[in-house]
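Residues in the sequence shown are numbered from 0 upward in steps of one, following numbering that gives the first Met the number 0.
For reference, the structure is listed below as structure tokens.
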Amino acid sequence: MNKIKKIYLWIIMIILYSPILVLIVFSFNSSKSTSWQEFTFKWYIQLFENPSIQSAFSYTLIVGFVSAIISTIIGLMAALTIIKLRGIKRRLIMALTYIPLLSPDIVIGISLMMLYSTLNIPFGLITLILSHITFNTPYVILSIMPRLMQLNPNVYEAALDLGATPVYAFKKIILPDILPGVLTGAFIAFTLSIDDFVVSFFNTASGVNTLSIQIYSMARRGVSPEINAISTLIFLTIVTILTVTNIRASRKAKLEGYFY
0 MNKIKKIYLW IIMIILYSPI LVLIVFSFNS SKSTSWQEFT FKWYIQLFEN PSIQSAFSYT
60 LIVGFVSAII STIIGLMAAL TIIKLRGIKR RLIMALTYIP LLSPDIVIGI SLMMLYSTLN
120 IPFGLITLIL SHITFNTPYV ILSIMPRLMQ LNPNVYEAAL DLGATPVYAF KKIILPDILP
180 GVLTGAFIAF TLSIDDFVVS FFNTASGVNT LSIQIYSMAR RGVSPEINAI STLIFLTIVT
240 ILTVTNIRAS RKAKLEGYFY
């Protein structure tokens with residue numbers, strides 16, 4: 000039975016990752032066709048010499064970092080507020096938090112586009128950042144909430160009774176315990192921001208393109224090895240972020256198990 004489970008797992012992994020592996024391999028192919036000729040880095044060199052790619056890369060980093068930081072701050076404040084609620088109020092707020100996660104990206108993208116149009120907000124970098132903050136914040140909240148629920152509230156109250164200010168008690172007691180959840184939420188927000196296409200497509204202006212929009216524009220003119228190269232870099236970036244997040248979480252869990 001265990002062998003069957005392992006075989007099934009490997010089949011699923013091959014189905015999921017074989018297309019990505021093919022994409023990575025052909026990003027180093029000197030030919031534009033699907034036939035292999037020789038190993039080369041020229042597509043990566045051309046990629047970084049392409050001004051449109053450089054612009055899209057800059058906008059992607061700006062939107063990713065700014066939206067991740069702001070959504071992490073908003074998500075942290077929201078989680079701290081939600082944890083104080085009880086009963087039907089908490090369940091209602093958490094249900095509302097899940098709605099953006101379950102809604103299709105096309106619905107979120109079009110609804111935000113209509114909102115900006117109604118408020119006469121010019122489309123561009125600002126609307127792009129606001130849109131990313133909107134769909135990132137629920138993920139941050141759900142990353143922080145489990146950590147907050149594990150805290151012992153009596154420790155915080157004891158610190159207040161001993162003369163600590165609320166800010167100092169939060170900084171020294173609550174924040175260190177929930178920091179892994181906060182960092183995980185920030186990493187998830189940044190990863191989702193890099194990966195997003197649909198919401199960004201509906202809420203940006205000409206000349207303000209992220210990498211996903213730029214790749215879509217390039218793909219419409221035909222598959223280019225540069226697309227393989229940039230897709231490889233995005234994939235490796237996301238894998239690196241997820242690996243760092245998992246390593247931090249594993250080390251934190253080991254330390255907690257050691258002390259307790």
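Built from N, CA and C at the ideal position, the CB exists for glycine as well.
Next on the checklist: Using 8 Å as the threshold, is the C-beta distance between L150 and D176 below it?
Outcome noted: yes
Checklist entry - Is the distance from the Cβ of I69 to the Cβ of I132 below 8 Å? => result yes
Checklist entry - Is N227 helix, strand or coil when you go by DSSP? => result helix
Checklist entry - Nearest to I143 by CA position, among K31, I237, I92 and G184, is which residue? => result G184
Item to check | Sequence-distant residues of its chain with Cβ nearer than 6 Å to G123 (five each side left out) | outcome: A204 and V207
Checklist entry - Taking only beta-carbon atoms, is N1 less than 8 Å away from chain D? => result The chain inventory of the structure shown lacks chain D, comprising one protein chain alone.
Next on the checklist: Report the start-end ranges of each alpha helix (DSSP H) in the segment 80 to 129 that is 4 residues or longer and not cut off at the edges.
Outcome noted: 87 to 101 and 104 to 117
Next on the checklist: I'd like the ranges of any alpha helix (DSSP H) spanning at least 4 consecutive residues and lying wholly in the segment 14 to 40.
Outcome noted: none
Checklist entry - A188 and V139: beta carbons closer than 8 Å? => result yes
Next on the checklist: According to DSSP, is L150 part of a helix, a strand, or is it coil?
Outcome noted: coil
Checklist entry - Contact between the segment 222 to 233 and the segment 23 to 37: three or more CB pairs below 8 Å? => result yes
Item to check | Where F290 sits in the DSSP three-state scheme | outcome: Any question about residue 290 goes unanswered here, given that the chain covers just 0 to 259.
Checklist entry - Given a threshold of 16 other Cβ atoms within 10 Å of its Cβ, counted over all protein chains shown, does Y259 qualify as buried or as exposed? => result In this prediction, Y259 scores a pLDDT of 48, lower than 50, which makes its location untrustworthy; the coordinate-derived value is nonetheless stated afterwards. Exposed is the call here.
Checklist entry - Taking Cβ to Cβ, would you say I107 is nearer than 8 Å to V198? => result yes
Checklist entry - Since F269 contacts I19 with CB under 8 Å, what's their CB separation in whole angstroms? => result The chain is shown only over 0 to 259; residue 269 falls outside these bounds and no answer can be derived.
Checklist entry - Can you tell me whether P47 is buried or exposed, with buried defined as 16 or more other CB within 10 angstroms of its CB? => result For clarity, residue 47 is Phe in the given sequence; the question names Pro instead. That one is exposed.
Item to check | Selection from L60, I72 and W9 that minimises the alpha carbon distance to I237 | outcome: L60
Checklist entry - What separation, rounded to the nearest whole angstrom, lies between the Cα atoms of L100 and Q36? => result 44 Å
Checklist entry - Taking the continuous alpha helix (DSSP H) assigned at S205, which residues delimit it? => result Looking at the DSSP string, S205 is not in any alpha helix (DSSP H), and its letter there is neither H nor E.
Next on the checklist: With a threshold of 6 Å on Cβ separation, who are the neighbours of I240 within its own chain once the five nearest residues in sequence on each side are excluded?
Outcome noted: F186 and T190
Checklist entry - Anyone know if the C-beta pair for Y215 and F196 falls short of 8 Å? => result yes
Item to check | For Y115 and N1, believed in contact at Cβ under 8 Å, the rounded distance | outcome: Not confirmed; about 54 Å, so no contact.
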